[in-house]
């Protein structure tokens with residue numbers, strides 16, 4: 001989903017379209033819920049697909065639109081990948097994001113309709129998402145990135161990766177031979193984590209999912225559920241022979257030697273959902289989907 005072509009609404013606030021992590025954290029830490037005005041101003045952004053572009057044209061003809069900096073709400077039109085990109089791009093602005101599905105799955109999005117958008121936005125339920133902060137170290141230095149879905153470590157060649165996993169400074173798995181491993185937020189637990197046979201995590205559980213990807217040894221290890229306060233460290237074993245990349249949502253760092261992951265409670269993005277599209281209910285239902 002993250003490879004959807006997109007069109008930014010404004011020049012990106014940081015390199016490679018990413019917000020600067022320290023700036024994003026400082027801005028988001030000052031965010032607080034603000035009541036919406038009777039007629040909120042919208043910034044409408046859309047994926048570069050015919051469906052999303054047509055939806056933006058329709059909405060722009062019906063509603064007052066402004067720059068993201070001046071908007072009360074950012075309206076995102078596309079799929080789940082585009083919504084994640086919108087969260088990252090506009091994180092420093094602390095603006096709530098109301099997404100409407102003009103993509104495929106649309107798990108994090110509301111149904112699209114041009115009618116009654118102002119009323120829908122005003123009565124929408126707010127969900128605060130705290131991302132994971134990834135710190136990856138390689139020969140070029142130390143790299144930081146945020147992930148609202150997951151941080152994943154992936155083998156780069158035909159040979160299995162070998163990882164040593166520590167939690168809160170305690171070594172828990174001295175060697176995991178695998179295609180990779182990932183740490184997922186509750187909101188991201190129904191994405192790559194679920195595809196890798198990881199558990200679905202309810203939003204309010206205060207839990208992170210640690211899931212192996214095609215584990216070879218130990219063969220029976222299926223991962224772990226960890227408190228959201230846990231600090232994980234992955235040390236790459238035999239990195240020169242078995243190189244590994246680290247990915248936070250769509251930011252990839254190649255040839256890593258060590259990766260640290262923790263939840264960053266100082267950073268938050270606000271998603272808006274129609275009451276009937278409640279995200280907690282969707283996650284619950286997903287656990288009973290055949």
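Residue numbers (the UniProt record's numbering): 1 to 290. Beta carbons: idealized from backbone N, C-alpha and C, even for Gly. Model, not experiment: these values are computed from the prediction.
- When the Cα atoms are used, residue 143 and residue 269 turn out to be separated by approximately 22 Å.
- Where residue 216 is concerned, there is no enclosing alpha helix (DSSP H), because DSSP gives it neither an H nor an E.
- Going by C-alpha positions, residue 199 is about 27 Å away from residue 98.
- Nearest Cα to residue 265 within the set 119, 194 and 206: 206.
- In this structure residue 224 touches residue 210 by the C-beta definition: roughly 5 Å separates them, less than 8 Å.
- Contact check between the region 134-143 and the region 100-109: fewer than three CB pairs, one atom from each, fall below 8 Å, which does not count as touching.
- It is roughly 15 Å from the alpha-carbon of residue 254 to the alpha-carbon of residue 162.
- By the criterion of a C-beta distance shorter than 7 Å, residue 128 is surrounded in its chain by 268 and 270, once the five residues flanking it on both sides are discounted.
- Put simply, the region 147-157 touches the region 172-186. At least three CB pairs are less than 8 Å apart.
- Under DSSP, no beta-bridge partner is assigned to residue 118.
- Distances from the CA of residue 242 to each of 48, 59, 71 and 158 were compared; the closest alpha carbon is that of 158.
- CA-to-CA, the gap between residue 245 and residue 252 works out to about 7 Å.
- Of the candidates 196, 289, 234 and 67, 234 places its Cα closest to the Cα of residue 172.
- Rounded to whole angstroms, the Cβ separation of residue 185 and residue 148 is 6 Å, and the two are in contact under 8 Å.
- Residue 130 sits away from residue 274, with the two beta carbons spaced by 8 Å or more.
- The continuous beta strand (DSSP E) containing residue 141 extends over residues 141-147.
- A check of alpha carbon separations from residue 239 across 257, 35 and 189 identifies 257 as the nearest.
- Excluding residues up to 5 positions away in sequence, 129 lie with their Cβ nearer than 6 Å to the Cβ of residue 187 in the same chain.
- The Cβ atoms of residue 183 and residue 232 lie closer than 8 Å to each other.
- Around residue 203, the same chain offers 127, 186, 187, 279, 280 and 283 as residues with beta carbons nearer than 8 Å, after the five sequence neighbours per side are excluded.
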